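Colleague:
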Amino acid sequence: MMEALDPPLEGTLADVLEATKNVTKQFPEEYYRELDRTDGYPHEFIEVAMKAGLGAVMVPEEYGGMGMGAREASVVVEEIHRSGGTGSMIHGQLFMMGILARHGSEDQKRNILPKVADGSIRLQSFSVTEPNAGTDTSKIQTRARRGGKGWIIKGQKVWTSRMDHTDYFIVFARTSEAPEGKPFRGLSCFLVDKRAVDPKQLTTRKIPAMFNHHTYEVWYDDMEIPEDSLIGEEGKGFYYLLDGLNAERVMIAAECIGDGKWFIEKAVNYSKERVIFGRQIGQNQGVQFPIARGYANLMAADALRWKAAEQFDAGADSGMTGANANMAKMLASEASWDLGFHCQQTHGGFGLAVEYDIERKVRENRVFQIAPISTNMVLNYIGQHVLGMPRSY
Numbered sequence: 014m015m016e017a018l019d020p021p022l023e024g025t026l027a028d029v030l031e032a033t034k035n036v037t038k039q040f041p042e043e044y045y046r047e048l049d050r051t052d053g054y055p056h057e058f059i060e061v062a063m064k065a066g067l068g069a070v071m072v073p074e075e076y077g078g079m080g081m082g083a084r085e086a087s088v089v090v091e092e093i094h095r096s097g098g099t100g101s102m103i104h105g106q107l108f109m110m111g112i113l114a115r116h117g118s119e120d121q122k123r124n125i126l127p128k129v130a131d132g133s134i135r136l137q138s139f140s141v142t143e144p145n146a147g148t149d150t151s152k153i154q155t156r157a158r159r160g161g162k163g164w165i166i167k168g169q170k171v172w173t174s175r176m177d178h179t180d181y182f183i184v185f186a187r188t189s190e191a192p193e194g195k196p197f198r199g200l201s202c203f204l205v206d207k208r209a210v211d212p213k214q215l216t217t218r219k220i221p222a223m224f225n226h227h228t229y230e231v232w233y234d235d236m237e238i239p240e241d242s243l244i245g246e247e248g249k250g251f252y253y254l255l256d257g258l259n260a261e262r263v264m265i266a267a268e269c270i271g272d273g274k275w276f277i278e279k280a281v282n283y284s285k286e287r288v289i290f291g292r293q294i295g296q297n298q299g300v301q302f303p304i305a306r307g308y309a310n311l312m313a314a315d316a317l318r319w320k321a322a323e324q325f326d327a328g329a330d331s332g333m334t335g336a337n338a339n340m341a342k343m344l345a346s347e348a349s350w351d352l353g354f355h356c357q358q359t360h361g362g363f364g365l366a367v368e369y370d371i372e373r374k375v376r377e378n379r380v381f382q383i384a385p386i387s388t389n390m391v392l393n394y395i396g397q398h399v400l401g402m403p404r405s406y
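Structure, rendered in structure tokens:
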């Protein structure tokens, strides 16, 4: 690996990186290539990663976890992507641990977190987005009402990733109408044991997509869950969501940075190996400059990733934690996407060959321009909340 891509890490960051490398070296690019070909799910990788404690980075020590923060969690997913894999199957669990650890009841934390920490259960699915609401979470139509022995949830969700491969999941539903001028009030957050749900009350349909992401459309047909499924206070779920999404933005930025480093390394190595017209193609400025510029852009995004992670872990409430997390995600996604394009261009026809893994990584990286939040919505946030401009939507 190129030294310029690996600034030295110390303390817990170095320990987490080493633990992650011990896992990723067991799963080479060929492993993910075969999963992509067969539309398979990385059960083997998840089992090894969970046993190594990678999914418990943000679980407090008193519940069997490592008691670390978004900084260390971001190291995990960056290295997974840097190794040629994908962190999407684990990053959901990482940031959802934060929601549960920060806002869950003591019983919820003691019953669930130790089992997540030791890898005996999976909490890897997050059910928020709806077909008719999209990014406007205030417009979600899924409803939760009290009934029977607890809560009854009815509604439809879309882009609920990993739903067929999780034991527990978190779902957001409206429990009361929003007061005038406060559209996000009345939303609540529930922790659900999928194994205990009546199969007739929960239906899933996998959504075919351009990459092997395992995401689903979900129908809740009067799904009955216990009274103690509610996370935190009724009607305040949106604020718990925002708290968790700041950590997710940091992790998405880290995944993009991992992809970008993978693209750089592939492109640089090939540019030195490939000789055309009697010279290494990397000598050509038309090949060299885009990769060098992409590296500079990636390093700038990386600096903002660390700043946002530190603010999140410190509990900073200056208003810039969310801004920096969103900007890090946007800049890292744009830098990595650009590097993917130039990595493919550097390889020419071989960049399209499945065996080189570049076309797979390019397809996987494309999602970060859209999800979990689009670039346009990040710009809306900056314009309104950072620069004080009129709301544009």
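Numbered by this note's numbering, the letters in the sequence shown go through residues 14 to 406 in order.
All C-beta atoms, glycine included, are put in the ideal place defined by N, C-alpha and C.
Remember, predicted model here, so these are calculated numbers, not experimental data.
#1: Would you list the one or two residues that DSSP bridges to D206?
#2: Let me know the secondary structure DSSP gives A341 once reduced to three states.
#3: Provide the residue span of the beta strand (DSSP E) that contains R156, from first to last.
#4: Tell me, please, whether the segment 217-235 touches the segment 155-170 by the rule of three or more beta-carbon pairs shorter than 8 Å.
#5: Taking D28 as the reference, give the member of F40, D49, R84 and I59 with the closest Cα.
#6: What is the DSSP secondary structure of R135, reduced to helix, strand or coil?
#7: Going by the beta-carbon positions, is the gap between G257 and M109 smaller than 8 Å?
#8: Compute the beta-carbon to beta-carbon distance between T173 and T99, rounded to the nearest angstrom, for a pair I have assumed lies under 8 Å.
#9: So, for V300: in the same chain, excluding its five sequence neighbours on each side, which residues have a beta-carbon less than 7 Å away from its beta-carbon?
#10: To which residues of the same chain is Y45 closer than 6 Å at the C-beta, ignoring the five residues directly before and after it?
#11: For the putative contact between T142 and D177, defined by C-beta atoms under 8 Å, what is the C-beta separation to the nearest angstrom?
#12: Would you mind sorting M81 into buried or exposed? The rule is 16 or more other CB atoms within 10 Å of its CB.
#13: Hey, would you say R175 sits closer than 8 Å to G105, going by beta carbons?
#14: Looking at the secondary structure, which residues open and close the alpha helix (DSSP H) in which G299 lies?
#15: Would you give the residue range spanned by the beta strand (DSSP E) that I165 belongs to?
#16: With a threshold of 8 Å on Cβ separation, who are the neighbours of A423 within its own chain once the five nearest residues in sequence on each side are excluded?
#17: State the start and end residues of the unbroken beta strand (DSSP E) segment that holds D49.
#18: Thinking C-alpha only, which one of A17, E31 and E16 is nearest E23?
#19: Using 8 Å as the cut-off, can you tell me whether the segment 309-322 makes contact with the segment 266-280, which would need three or more C-beta pairs spanning the two stretches below that distance?
Modeller: With the structure as the only source:
#1: DSSP lists Y181 as partners of D206.
#2: Looking at A341 - three-state DSSP - the assignment turns out to be helix.
#3: Run containing R156: R156 to G160, per the beta strand (DSSP E) assignment.
#4: Contact annotation: the segment 217-235 touches the segment 155-170, with at least three C-beta pairs closer than 8 Å.
#5: The closest CA to that of D28, considering only F40, D49, R84 and I59, is found on R84.
#6: Reduced to three states, the DSSP call for R135 is coil.
#7: Inclusion of G257 and M109 in the CB contact set at 8 Å is warranted, their separation being smaller than that value.
#8: About 17 Å; that fails the 8 Å criterion.
#9: Excluding residues within five positions, the ones whose Cβ falls inside 7 Å are S284, I294 and T359.
#10: Cβ neighbours of Y45 beyond the five flanking positions: G98.
#11: Actually they do not touch by this definition, with Cβ atoms about 17 Å apart.
#12: By the neighbour-count rule (16 or more Cβ atoms within 10 Å), M81 is buried.
#13: Closer than 8 Å, so yes.
#14: Counting along the chain, the alpha helix (DSSP H) containing G299 begins and ends at Q298 to D326.
#15: Note, I165: beta strand (DSSP E), G163 to S174.
#16: Nothing can be reported for residue 423: it is not among the residues displayed for the chain, which extend from 14 to 406.
#17: Note, D49: premise wrong, no beta strand (DSSP E); alpha helix (DSSP H) at E42 to T51.
#18: The shortest Cα separation from E23 among A17, E31 and E16 belongs to E31.
#19: Output reads yes: the segment 266-280 touches the segment 309-322.
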